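Count along the sequence shown starting at 1, add 6, and that's the number in my numbering. Backbone N, C-alpha and C define an ideal beta-carbon position, used for all residues, glycine too. This one's a predicted model, so the numbers in the text were calculated from it and none came from an experiment. Since the structure comes first, as structure tokens, the remarks are kept for the end.
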Amino acid sequence: MTPYERLMAEAVPTGTFGRARPTRQQQTEPAPAWTPEQQAAHRAELEAALSPKWSRRPQLRLVDAPAA
Numbered sequence: 007m008t009p010y011e012r013l014m015a016e017a018v019p020t021g022t023f024g025r026a027r028p029t030r031q032q033q034t035e036p037a038p039a040w041t042p043e044q045q046a047a048h049r050a051e052l053e054a055a056l057s058p059k060w061s062r063r064p065q066l067r068l069v070d071a072p073a074a
């Protein structure tokens, strides 16, 4: 049987070529939704960690051209 025939022999191509699909693990309950206060606190922590004060300064500065 050619690879194409094996692929077309499946009802929905799954890549298993007739073998059973592996069982899925049981779904757990989703984590509880964060409150707006928790989200704001978490975002503030992330922003503080990712952008310290020294990196917020401009990286470029204007220099006056010498008079010609």
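Discussion item. Tell me the rounded alpha-carbon separation between residue 44 and residue 38.
Written reply: 12 Å
Discussion item. Distance check for residue 29 and residue 47, CA to CA, integer angstroms please.
Written reply: 39 Å
Worksheet item: In this structure, does DSSP put residue 42 in helix, strand or coil?
Response: helix
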